[in-house]
Amino acid sequence: MEDQLSNLLAQAQKLQAEITRLQEEMKTKTVEVSVDGGTVRVIATGGQYIKDIFIDPNFIHPANAKVIKSLIVEGVNMALDKAKQMAEKEMKKITGGFAMPKIPGMF
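Mapping the sequence shown onto our numbering, position 54 (from 1) lands on 103, and the numbers just tick up by one.
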């Protein structure tokens, strides 16, 4: 019984180390989305931080301000969703598909 408990604790520690490693890795991996045929492009990290936003300079004009704002919001939401999906996919690889509870700040 004690060996089983030791084994279980060792596995939990290994899983925690893998999760920590994955969190660090996700900070450097990026996803990119384009909105409106590339008018707005958003790059986000797997840690769900916006790294950069590109706006086609040919589209920048005061008359387009509302459209640009809308495209940026759409692009940011798409990029964060894609980053979250990437992180969840990587997490499933290390947990063997085991559904981890949603822990704030985890992914």
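Heads up, the beta-carbon is just placed ideally off N, CA and C, and yes, glycines get one too.
Residue i vs residue j beta-carbon contact at 8 Å
i	j	result
I109	V89	no
M135	G95	yes
A59	T79	no
V84	M127	yes
I99	V125	yes
Beta-carbon separation (whole angstroms), residue i vs residue j, contact threshold 8 Å
i	j	result
Q97	L71	Contact doesn't hold; Cβ gap of about 13 Å is too wide.
E167	I143	Nothing about residue 167 can be reported from this structure: the residues present for the chain run from 50 to 156 only.
M75	E139	7 Å
Best match in the options for proximity to residue i [C-alpha to C-alpha]
i	options	result
Q82	K138, N56 and K131	Here residue 82 is Val; the residue named in the question, Gln, does not match the sequence. Closest option to V82, Cα to Cα, is K131.
V91	A114, S119 and A112	S119
Any non-hydrogen atom of the ligand MN within 7 Å of residue i CB
i	result
L64	For the structure depicted, the ligand MN is absent and the ligand set is empty, with no information on it obtainable.
Strand pairing of residue i, partner residues [DSSP]
i	result
E81	I92
I99	A93
I104	V89
For the structure I just gave you, are there three or more beta carbon pairs, one from the segment 97 to 113 and one from the segment 61 to 68, closer than 8 Å?
Counting Cβ pairs under 8 Å, fewer than three are found: no touch.
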